[in-house]
Each structure stands twice: as C-alpha cells, then as structure tokens.
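Q: One structure is given below, represented as structure tokens, and several questions about it will come after.
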Amino acid sequence: MPDKPKIALYWCSSCGGCEESVIDLSEGLLELAERADIVFWPVALDSRLKDLEALDDGEIDLSLINGAIRLREQARMAQLLRRKSKVIFAHGTCAHLGGIVGLGNFHTVQEILERSFRDVPTVRNLGGILPGGSVEGSERGPKLSPLIDKVMALDQVIDVDCFIPGCPPPPELVGKAVWSVLEGKLPEKGFVFGDGKALCHTCPLLESKPEIIRVKRFKRVHETDWDPGKCFLPQGIICLGPATRGGCGSRCIQANMPCRGCFGPLETMEDHGAGMLSFIASMIDADHEDEIRRITASIPDPGGLFYRYSLPHSILGGGKGTET
Amino acid sequence: MHGFEPKIILFLCNWCSYEGADAAGRGGKEFPSRNLREIRVMCSGRVDPRFVLEAFRIGADGVLILGCAPGDCHYKTGNIEALKRIPLLERILQQNGIKNDRIRFDFVSAGDGEKFARVTGEMVKLLKRLGPFDHA
Amino acid sequence: MTRRIVIDPITRLEGHGKIEIRLDSEGQVDRAFFQIPDFKGFEKFCEGRAAEEMPTLTQKICGVCPTAHHIASVKALDALFRVEPTAAAKIIRELMHTAFIYEDHLLHFFYLGGPDLLVGSNDKGFGKNIFGVIGKLGGKIGKKVIEIRKRVRGLNALISGSPLYPVCGLPGGVSKPVSEKERAGIKEIAGDALAFARLCLNIFEEEVLSNREYVDLMHSEAFSLQTYYMGMVDRKNHVSFYDGEVRIVGPDGGLFEQFGAGDYLHHLEERVDTWSYMKTPYLKSIGYHGLCDGKGSGLYRVGPLARLNAAEGMATPLAQQEYERMFDACGGKPVHNTLVYHWARLIEVLFAAERMSEIACHDQLTDPGIRNIPTQTPQEGVGICEAPRGTLIHHYETDENAILKRLNLLVATQNNAGAISLSVEKAARAFIKRGRVSDEILNRIEMAYRAYDPCMACATH
Numbered sequence: 000m001p002d003k004p005k006i007a008l009y010w011c012s013s014c015g016g017c018e019e020s021v022i023d024l025s026e027g028l029l030e031l032a033e034r035a036d037i038v039f040w041p042v043a044l045d046s047r048l049k050d051l052e053a054l055d056d057g058e059i060d061l062s063l064i065n066g067a068i069r070l071r072e073q074a075r076m077a078q079l080l081r082r083k084s085k086v087i088f089a090h091g092t093c094a095h096l097g098g099i100v101g102l103g104n105f106h107t108v109q110e111i112l113e114r115s116f117r118d119v120p121t122v123r124n125l126g127g128i129l130p131g132g133s134v135e136g137s138e139r140g141p142k143l144s145p146l147i148d149k150v151m152a153l154d155q156v157i158d159v160d161c162f163i164p165g166c167p168p169p170p171e172l173v174g175k176a177v178w179s180v181l182e183g184k185l186p187e188k189g190f191v192f193g194d195g196k197a198l199c200h201t202c203p204l205l206e207s208k209p210e211i212i213r214v215k216r217f218k219r220v221h222e223t224d225w226d227p228g229k230c231f232l233p234q235g236i237i238c239l240g241p242a243t244r245g246g247c248g249s250r251c252i253q254a255n256m257p258c259r260g261c262f263g264p265l266e267t268m269e270d271h272g273a274g275m276l277s278f279i280a281s282m283i284d285a286d287h288e289d290e291i292r293r294i295t296a297s298i299p300d301p302g303g304l305f306y307r308y309s310l311p312h313s314i315l316g317g318g319k320g321t322e323t
Numbered sequence: 000m001h002g003f004e005p006k007i008i009l010f011l012c013n014w015c016s017y018e019g020a021d022a023a024g025r026g027g028k029e030f031p032s033r034n035l036r037e038i039r040v041m042c043s044g045r046v047d048p049r050f051v052l053e054a055f056r057i058g059a060d061g062v063l064i065l066g067c068a069p070g071d072c073h074y075k076t077g078n079i080e081a082l083k084r085i086p087l088l089e090r091i092l093q094q095n096g097i098k099n100d101r102i103r104f105d106f107v108s109a110g111d112g113e114k115f116a117r118v119t120g121e122m123v124k125l126l127k128r129l130g131p132f133d134h135a
Numbered sequence: 000m001t002r003r004i005v006i007d008p009i010t011r012l013e014g015h016g017k018i019e020i021r022l023d024s025e026g027q028v029d030r031a032f033f034q035i036p037d038f039k040g041f042e043k044f045c046e047g048r049a050a051e052e053m054p055t056l057t058q059k060i061c062g063v064c065p066t067a068h069h070i071a072s073v074k075a076l077d078a079l080f081r082v083e084p085t086a087a088a089k090i091i092r093e094l095m096h097t098a099f100i101y102e103d104h105l106l107h108f109f110y111l112g113g114p115d116l117l118v119g120s121n122d123k124g125f126g127k128n129i130f131g132v133i134g135k136l137g138g139k140i141g142k143k144v145i146e147i148r149k150r151v152r153g154l155n156a157l158i159s160g161s162p163l164y165p166v167c168g169l170p171g172g173v174s175k176p177v178s179e180k181e182r183a184g185i186k187e188i189a190g191d192a193l194a195f196a197r198l199c200l201n202i203f204e205e206e207v208l209s210n211r212e213y214v215d216l217m218h219s220e221a222f223s224l225q226t227y228y229m230g231m232v233d234r235k236n237h238v239s240f241y242d243g244e245v246r247i248v249g250p251d252g253g254l255f256e257q258f259g260a261g262d263y264l265h266h267l268e269e270r271v272d273t274w275s276y277m278k279t280p281y282l283k284s285i286g287y288h289g290l291c292d293g294k295g296s297g298l299y300r301v302g303p304l305a306r307l308n309a310a311e312g313m314a315t316p317l318a319q320q321e322y323e324r325m326f327d328a329c330g331g332k333p334v335h336n337t338l339v340y341h342w343a344r345l346i347e348v349l350f351a352a353e354r355m356s357e358i359a360c361h362d363q364l365t366d367p368g369i370r371n372i373p374t375q376t377p378q379e380g381v382g383i384c385e386a387p388r389g390t391l392i393h394h395y396e397t398d399e400n401a402i403l404k405r406l407n408l409l410v411a412t413q414n415n416a417g418a419i420s421l422s423v424e425k426a427a428r429a430f431i432k433r434g435r436v437s438d439e440i441l442n443r444i445e446m447a448y449r450a451y452d453p454c455m456a457c458a459t460h
C-alpha cells in the first residue's frame, strides 16, 4: 500500500479566514483526511514546529501557506516549508498579493508600533516601551520576533508554485486546487486558480452594464441608495469587478454590495491599483481639468481602495517616498 | 539642491508634442535636454498609469506627459483620457509618499516649441527645488 | 541553568502563540510566559480609510469571527453618523450575529478546544482533533456537526454575502432585505439548530460531566481564577450578544460597574509587555497589580463563562434552565473554574438557537425598510457587541468627510490576555513537579488556554 501523500497547512500573518475556508470544505475535509496525511496544521492538529523540522526535505507533497509576511519569523517559516515541500500554493489574498495587512506599507513599522502600543487612548504606557524593545529591570520574557520593514506577499520571500486567490478563497476553489495535486494534475508554475476573465463576465448584473459608462460623481455607499438589480458603475458606485479576476461566485454582489477586488488583478495587470485607476478614470464624464478634479475628489481614498489587497505587490509598494 | 540634476521621464505623443519638442530644437529654444528621458507614444492616452508608477520605481525624479491640445488629438479624445487619469495618479503618488508636483500633464501643439521649452524648464526648476526623489 | 520547556506553536486555537515554561533548580515552575508573536497594526493602517469600508476592512482582523467585527464596526458607524438603524436592519443584524455565534461556538467545541474533553487520554488511536472526535463519537454525530454548521453558515451567506466575508453592514441599516420565502428556510434551520444544541448538551453530559476525571478538573484549584467578569446584558440583565450595556461583576459576583458604549474609556485600560504583541487590558478603577487574581487585581475575564457570571440570567427559557443547572452543579455564582467555559459555551449555543427561532418569527424581519441614510456630519462613534470570545469594542474618529483620523480597538480575546497568561502559569505550576513533564501534562497546560477559545489574530490585531 503506497504511502498517502503528505499535506501541510500553515498561516503567516493571517486572520484565520483561509483556515475557515478549508474547514468549510465540510465533508470534503474528511475526504481529504482520508486521501492524504495532514502532517502539519496548527489550527486543527497538535503538530509542532519540531515535527515539521523532523521531516525530510521535500517530504511534504503539498503545502498551503496563507497569510502575508509581516514578522521575520514568518519569513523563516515560509522558507522552512519551502525546503520541506515539493509544491507550495500561496493560499488566499494575503499570501498571493500581501492582503489587507499590506496596507501597513503606507506607514513605517515605528509608526504602526507607536500607534498601538503608545498612542491609543486605552493604553497606559508611561515608559513608552514597545514590544521587542527592552527595559532595564523589566521581566526578560522570551525573545519576540520583530516586524520586517515592509509586509511581503509569499512569492516575495520564497518560490511559489501556484496561487489560490480570494479573501478568503471560496471553499470549492481551495478544494479544486488541493485535488489538482492529489490527482497528479498540477497546473503550470505561476498558475492562479479562479477565472481567466474579469468578474463582470460571471456577475449576475452583467446585462445591465452599459458599454460606455460615464458618471458625473462617484457616490459612497453610505450616503446613497441604489438599484440592486442593476450594475453599480453607471449608478456612480465604484465596483472593482472590471479589473478583478472572477471565480468568487460574486458573493458580495449577491448581498447587494460592490466588489472590492479581493481576487486580485487580471492576468495582464502588473499592478492591480493601476488597472482599477484606468477604468475608473475612463468613467469620468468631463473633459476639462477643473471638472475632472471635482469628480475625482468624490473618491475618498483611492490608495486605500485600489490597493486594499495588493499594496505589497504593487509597483510602488506603498512606501516608496517619504515626502508626504 | 546644489549640483542635483533631476531625471524626468517625458512622454511625448507622436502627432503633437513630439513635433513640439522638435520645433523647440529647430527653433534654437533653450530647454533642459540633459534632464529629459523621452519616450514617444502614439498618443498621450497610451500612457498607462503603471508606466508612471514604474518610472518612479526605477528612479525618476519626475514624470511629464505632454499631449495634443483639446480638439487636436489625432485619435479625437486620447488626450482627454490621459488628462482624466492625472488627479487620481496624483492622489496615488501622494499616498505612496511622493509629492504630486512630481507628475505633470500639459498640452503642447505640433509647432509650439516655445511652450515645450517653457514647460520642461519649469518642471526642472521645480524638481531642483524639491530635491531628488528619495525612493527607499 | 534554567530549564525551559517550550510549546511551539500552541495549537487548536486561532492564531500564533508560544508557551515558555521556566523551571528552577528543583524542577518547579518559576515562571510561564504566554507569548503571541503576531501583530498587524489595524489601529494605524485604517487611518485614512473611508468610514464605510471599515466593516469589511476590520473584519479581516479575524476570519474566524469576521461577523462579530462587521457588527461592532457597523454599530460604530451608526454612532459615528448618529443614525438609527431601521427596525428590520437591527433584527437582520442580530440574526446574522446570533447565527454566527451559534456555529462558531460549535467550531470550538468539536474542532478546537472541545477535543481535549471529548477525546480522553485513554482513547488511544483517536487524536485530540476533529477526526478523533468523529472517530470516537461516531460518523453520525460528525455528519450532524458538519451539516448544521454548513446550513447555519449558508444562512449567513444569504443575509450577508458570505460567512467568511460578510458585506451587508451599512450605517443606519443593511444592504439586503429578507424575504418571506427566506423566512421559511430560516425557521427550519433555526429549529434544527435548536435540536442540535440540545444534543450537544447531552453529549457534554455523557462524555464530560459523567467523567470523574474531568469533573475533578472542573472543580480543581489548578484551573481556577478569582477574577472580575465582564459581558454585555440587555435591559433585564440577561446575556446579550448584539446590543445592550456592558456589565462587570466582582469575584464575589456582586455588581462592580456597568456602562454604555460611549463610556468604555472610563473603565478599561491596557498595558504593554516587551515580550509579546498582545496587550493586557485591566479595570481602570482598580489598576494593574501584576499577573494575579483576586479583588485587588484589575484583571477580568470575558467570553461565555464570564458572560453567564456577569449577567443575571438568560433571555430564553431552555437556556435559562441550563444556566440554573450549571450554577447549581458548580456550587453557585460566580463560577471561577476555567474549564467550565466549555459548559457555558454550549449553554450559549442553546440560547443562540432559541434566539434564532424567535427572530425567525419576528414581524419586522421581512420589512423592506432596511436603511436609514445618514444625514448628520460624522465625528466619533463607539460600537460594542459580544464576539464569541468576548466583548468587542470599535472606536472611530473621522473628519467631516468620514475619513478615519484615528481608531481604537479592544478585541474580544484580548480582554482575557492577563487571565490566559495566569491560567497557563497556574496550570504549569500545578502539573509540573520536580521537572517531570509528559505529553499528558503538556496537554493539561494547553487546556488552560484552550477553554477560553482564544483568537490571537483578534487579540493582537
């Protein structure tokens, strides 16, 4: 009886949502545990670091790593898993593109630490200590892994074979990806699961999306009403579907809310935000600078919206300058 | 900043601003050619936002996009499409820690060597004042 | 030379963590550290974001309890814009939140912490995990757990887009109404959820309360902490998940403080350690006096047992019966033994199911008026709800364009930071004697944190 293939699941700077999407395989998880040997999965099994280290290099057939790289230790874990695994899938948007935690790249590590550990109104920290720092005479606890300068996506730290997009990916997509390996049908290197086309193609509102869209003002969802049976864009509400890979089942659209781009850019887009910027700018119904500026000003936070999931993977990465 | 010579990535559209640059040369207008790295595109509307971001990533101190005057665009509205992107680009650059003065869009007609010289001169002067773009 | 015992990583909880136990020369526990090596910085990088994006941004603090964050966030937006949600919106939000707590508590009991009690040290061949639980209790029960969670999560997908990523929250309302046709389906799911909740308490009776070993542990000093307890209550001081005031009782059970969302800053403070990213909250009026329990210590607890301790009863009849039964069996209120969190959690599962059934019959559930659009200029708002793991506070300050200037988050498990550290150290001291360590002993020590159902991504954010 040949050995069962070995699978590992790990999380770096993660929220646990990708783990939940695996648990949402429901009976599929039991099938998976029958078919494969899950050798390392801290959320569900009592598997320890030393168990992982004890494996031979390349002994794990498939590792799913979710979460971005925010701490030095997470980079080390990614590297360890790379050594121990034949195939690595970046699981979920954080591993794929950097994720929401990547928004931290608009700031320095010092700014981020200071806000949470010194400045928030509930904190009482007269000594101004920060985690990772040391204070004379204070308790010497175990060493704490520091934050790295900039959040990184998984493939900025290790070689990644394929990507499962989504925040988190729908369980069916995770299942499809895992079974592709178990059935010996590993896609080509760099493959991103999901649709090849933009979300619009499978959106239930596609029929009402006009060929040419022009708006005189972008409206924010809290200040306006809209027809949930019609495409958001001509109604002036920014939906990122046109610049976002499909395959999520339009779950946000089904709840009458616009797409926020978690499946990442289309195949041809190097920078997700730039792709969004292009189509949104093309919607502006004006041809004079003043009017264009006025309409643009109705978008409250372009950087935060366009790079919500992909800042670490973007061309400028969030922290390219220090002038503003 | 003393001795600093800004590097500007300059997008010129084939039909108007490239000819405008040519006219400046032919007409003996003074313009800071040593600071300019020209890229000729068929239309200013071809300038994808990611080109601008990439320019800063690789070390440009400024990006200048020159297109046809309104109504003159060879492709009718390509220049307006380019203009529409600028305020958003400025915001994105700003949020990435880059002063939005470092990007500029303007109209330069085919024979307008004078405007070409003036705009490029202004840009260099401004960037000299701002200093080099410090990309971490 | 200090001998160190390290558990790395801790398992069967959400998030990262390490335990380091330091022994003295006699092999007795000198100190145990519960370290969380994870931090993201939401309190900084949400600055500059548009307020209406916050419910979907902040829910990425935790993919296990995104719905709780979504709810706390949208309530903060209601306060920020000073807009009252419509009746239907409140009911829909409460439904999705209650349904979520129902299935999330089940996740803990069957997949995360529960296996410690459901799969004993004598159950060889069954791992302490969901697969072992199914092996031991049987495929039929396993199938039921999986199915009911799937259906309840499916209900939340219908209301909010996805249980993994709810999107329907808006200041003053929600984005999607519930139809009469959907109501029928909700009633059915709620009924089945109720039946399963009762089955869970039977399982707990058979597998845990009838097991001498566990009952002893549930009465043991090793797992007991005499702390303050905090939880949200409704107007009748019954446990409330969605809305109400926050109530704190002392280690003796007497009322200590009670406050509304806007006043939380007067009652809670946090301290920082150098060796962990998890801050330790404590009661402001008492202060922090070290990692210790008792009336003089500002440490307090949240989550199921704390909620039941802090409240004066349950709002639904079957849950109320079980509430009384539990406190009788444990010798009265408040109960200090951490392992009783498992029991309290299942009582909350029952309450959640009963509440879902009530909401399913509520007149206004299918009312089409699901939004009041804000008209006031935003300024500042605090939203509080009970996440499965404890009290959750979102506090936003914006400019007049509803762009976040500053925010503060006090997140569920984080409130238990001090208690968890103390529980782990206390268990380590109780079970490690003269340097003797075994897998079983280490498992006991891990049971000390698992009972809280911790979520460390939440606690550190």
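One line per chain: the protein sequences are A, B and C, in this order.
Mapping to numbering that gives the first Met the number 0: the first sequence position 299 is 298, numbers consecutive.
Mapping to numbering that gives the first Met the number 0: the second sequence position 134 is 133, numbers consecutive.
Mapping to numbering that gives the first Met the number 0: the third sequence position 392 is 391, numbers consecutive.
Using N, Cα and C, we set each Cβ at its ideal position, and we do this for glycine too.
Please read all numbers here as calculations on a predicted model, not as lab measurements.
Kindly indicate which residue of A71(C), I90(C), D7(C) and P54(C) has the alpha-carbon position closest to the one of D366(C).
A: Position 367 of the third sequence holds residue 366(C). The residue with the shortest Cα to Cα distance from D366(C) is I90(C).
Q: Against chain A, does L52(B) count as a neighbour if the rule is that its beta carbon must be under 8 Å from one of theirs?
A: For this step, residue 52(B) is matched to residue 53 along the second sequence. It does: the Cβ of L52(B) has a partner Cβ on chain A nearer than 8 Å.
Q: Which residues bound the alpha helix (DSSP H) around I402(C)?
A: By one-based count along the third sequence, residue 402(C) stands at place 403. From DSSP, I402(C) is part of no alpha helix (DSSP H); its letter is neither H nor E.
Q: Excluding the 5 residues flanking F350(C) on each side, which residues of the same chain have their C-beta closer than 6 Å to its C-beta?
A: Mapped onto the third sequence, residue 350(C) falls at position 351. If we look at F350(C) and ignore the five residues flanking it on each side, its Cβ neighbours are M313, T315 and A318.
Q: Using a C-beta to C-beta distance shorter than 9 Å, which residues of chain B count as neighbours of A197(A)?
A: Walking along the first sequence from the start, residue 197(A) turns up at place 198. Ordered by position in chain B, no residue passes the 9 Å Cβ test against A197(A), which lies about 17 Å from the chain.
Q: Does the separation of the CB atoms of A426(C) and R443(C) fall below 8 Å?
A: As a working note, residue 426(C) is residue 427 in the third sequence. As a working note, residue 443(C) is residue 444 in the third sequence. The answer is yes: Cβ separation under 8 Å.
Q: Quick one: what's got a C-beta closer than 7 Å to A352(C)'s C-beta in the same chain, skipping five residues either side?
A: Taking the first residue of the third sequence as position 1, residue 352(C) is located at position 353. Excluding sequence neighbours, A352(C) sits near Y101, A189, A192, L193 and A196.
Q: Run through DSSP, which three-state label would L44(A) get?
A: Along the first sequence, read from residue 1 onward, the residue named residue 44(A) stands at position 45. In this structure, L44(A) counts as coil in the three-state DSSP scheme.
Q: Please state the DSSP three-state secondary structure of S223(C).
A: Here residue 223(C) is taken as the residue at index 224 of the third sequence, counted from 1. Strand.
Q: Just the Cα atoms here: how many angstroms apart are G313(A) and T85(C)?
A: On the first sequence, position 314 is the one that residue 313(A) refers to. On the third sequence, position 86 is the one that residue 85(C) refers to. The sequence given here places Ser at residue 313(A); Gly does not occur at that position. Cα to Cα, the separation comes out at about 40 Å.
Q: Taking Y17(B) as part of the alpha helix (DSSP H), name the residues at either end of that continuous run.
A: The count along the second sequence starts at 1 and reaches residue 17(B) at position 18. Its alpha helix (DSSP H) spans residues S16 to R25.
Q: Give me the Cα-Cα distance between F430(C) and I64(A), rounded to the nearest whole angstrom.
A: Counting from one through the third sequence, the residue named residue 430(C) turns up at place 431. Counting from one through the first sequence, the residue named residue 64(A) turns up at place 65. Taking the straight line joining both Cα atoms gives about 35 Å.
Q: A135(B) to P311(A), Cα distance in whole Å?
A: For the purposes of this step, residue 135(B) is identified with residue 136 of the second sequence, where counting begins at 1. For the purposes of this step, residue 311(A) is identified with residue 312 of the first sequence, where counting begins at 1. Its pLDDT being 49, under 50, A135(B) is placed unreliably in this model, and the coordinates cannot settle the point.
Q: Considering R292(A), what are the terminal residues of the alpha helix (DSSP H) in which it resides?
A: Within the first sequence, residue 292(A) is the residue found at index 293, counting from 1. Segment E288 to T295, the alpha helix (DSSP H) holding R292(A).
Q: Do G110(B) and A22(B) come within 8 Å of each other at the CB atom, strictly closer than that value?
A: Here residue 22(B) refers to the residue found at position 23 of the second sequence. Here residue 110(B) refers to the residue found at position 111 of the second sequence. The answer is yes: Cβ separation under 8 Å.
Q: Shorter than 8 Å from the beta carbon of L304(A) to some beta carbon of chain B?
A: As a position in the first sequence, residue 304(A) is number 305, starting the count at 1. The beta-carbon of L304(A) is placed no less than 8 Å from the nearest beta-carbon of chain B.
Q: Roughly how many whole angstroms lie between the Cα atoms of M170(A) and L208(C)?
A: Position 171 of the first sequence, counted from the start, is the residue given in the question as residue 170(A). Position 209 of the third sequence, counted from the start, is the residue given in the question as residue 208(C). The sequence shown places Pro at residue 170(A), not Met. Looking at the two C-alpha atoms, the distance is approximately 36 Å.
Q: What are the residues in the stretch 349-380 of chain C lying within 8 Å of chain A by C-beta distance?
A: From the stretch 349-380 of chain C, only R370, I372 and P373 have a Cβ closer than 8 Å to chain A.
Q: Please report the distance separating the alpha-carbon of G97(A) from that of W274(C).
A: One-based indexing of the first sequence puts residue 97(A) at position 98. One-based indexing of the third sequence puts residue 274(C) at position 275. If I take the Cα positions, the gap works out to 26 Å.
Q: Of the residues that make up the stretch 116-133 of chain C, which ones have a beta carbon closer than 9 Å to any beta carbon in chain A?
A: The stretch 116-133 of chain C vs chain A, Cβ under 9 Å: G126, K127, N128, I129, F130 and I133.
Q: Leaving aside the five residues before and after S159(C) along the sequence, list all residues of the same chain whose C-beta is less than 6 Å from its C-beta, in chain order.
A: For this step, residue 159(C) is matched to residue 160 along the third sequence. Cβ contact annotation for S159(C) (same chain, cutoff 6 Å, sequence separation greater than five): M95, P165 and C167, in chain order.
Q: Measuring alpha carbon to alpha carbon, tell me which of E80(B), R84(B) and F132(B) ends up nearest C42(B).
A: The residue labelled residue 42(B) in the question sits at position 43 within the second sequence. Per the Cα distances, E80(B).
Q: May I ask you to report which of helix, strand or coil DSSP gives A135(B)?
A: As a working mapping, residue 135(B) is identified with position 136 in the second sequence. Confidence at A135(B) is low in this model, with a pLDDT of 49, below 50, so its placement is unreliable and no value can be given for it.
Q: Based on the DSSP secondary-structure assignment, which residues constitute the bridge partners of Q34(C)?
A: Against the third sequence, residue 34(C) aligns to sequence position 35. BP columns for Q34(C) point to K17(C).
Q: State the CB to CB distance for the pair R449(C) and D215(C), rounded to an integer number of angstroms; the pair is presumed to be in contact (CB under 8 Å).
A: For the purposes of this step, residue 449(C) is identified with residue 450 of the third sequence, where counting begins at 1. For the purposes of this step, residue 215(C) is identified with residue 216 of the third sequence, where counting begins at 1. Not quite, the Cβ-Cβ distance comes to about 18 Å (not below 8 Å), so this is no contact.
Q: Compute the distance between the beta-carbons of I38(B) and I8(B), then report whether it is under 8 Å.
A: By one-based count along the second sequence, residue 38(B) stands at place 39. By one-based count along the second sequence, residue 8(B) stands at place 9. Yes. Within cutoff.
Q: Going by CA-CA distance only, name the one from F99(C), E42(C) and E51(C) that's closest to A67(C).
A: Position 68 of the third sequence, counted from the start, is the residue given in the question as residue 67(C). Measuring from the Cα of A67(C), the nearest candidate turns out to be F99(C).
Q: Taking the continuous beta strand (DSSP E) assigned at N65(A), which residues delimit it?
A: Translated into positions along the first sequence, residue 65(A) becomes position 66. Note, N65(A): beta strand (DSSP E), I59 to N65.
Q: Between K5(A), I87(A) and L51(A), which has its C-alpha nearest L187(A)'s C-alpha?
A: Here residue 187(A) is taken as the residue at index 188 of the first sequence, counted from 1. Sequence inspection shows Glu at residue 187(A); the Leu mentioned does not correspond to that position. Of the candidates K5(A), I87(A) and L51(A), the one whose C-alpha sits nearest the C-alpha of E187(A) is I87(A).
Q: Could you please give me the residues that DSSP links to E89(B) through a beta bridge?
A: Counted from its first residue, the second sequence places residue 89(B) at position 90. Per DSSP, none; premise fails for E89(B).
Q: So, does the CB of P167(A) fall closer than 8 Å to a CB anywhere in chain C?
A: Position 168 of the first sequence, counting from 1, holds the residue named residue 167(A). Closer than 8 Å to some Cβ of chain C, the Cβ of P167(A) qualifies, so yes.
Q: Give a yes or no on whether the minimum CB-CB distance between D286(A) and chain B is below 8 Å.
A: For the purposes of this step, residue 286(A) is taken as residue 287 along the first sequence, with counting starting at 1. It does; some Cβ of chain B falls within 8 Å.
Q: Which residues in chain A sit within 7 Å of N415(C), going by Cβ to Cβ distance?
A: Here residue 415(C) refers to the residue found at position 416 of the third sequence. Going along chain A, no residue has its Cβ under 7 Å from N415(C), so there is no contact; the nearest lies around 16 Å.
Q: What does the alpha-carbon distance come out to for the pair K28(B) and D226(A)?
A: Along the second sequence, read from residue 1 onward, the residue named residue 28(B) stands at position 29. Along the first sequence, read from residue 1 onward, the residue named residue 226(A) stands at position 227. Rounded to the nearest angstrom, the two C-alpha atoms are 57 Å apart.
Q: Cβ of I59(A) within 8 Å of Cβ of K5(A)?
A: Counting from 1 along the first sequence, the entry for residue 59(A) is found at position 60. Counting from 1 along the first sequence, the entry for residue 5(A) is found at position 6. Cβ distance < 8 Å, so I59(A) and K5(A) count as in contact.
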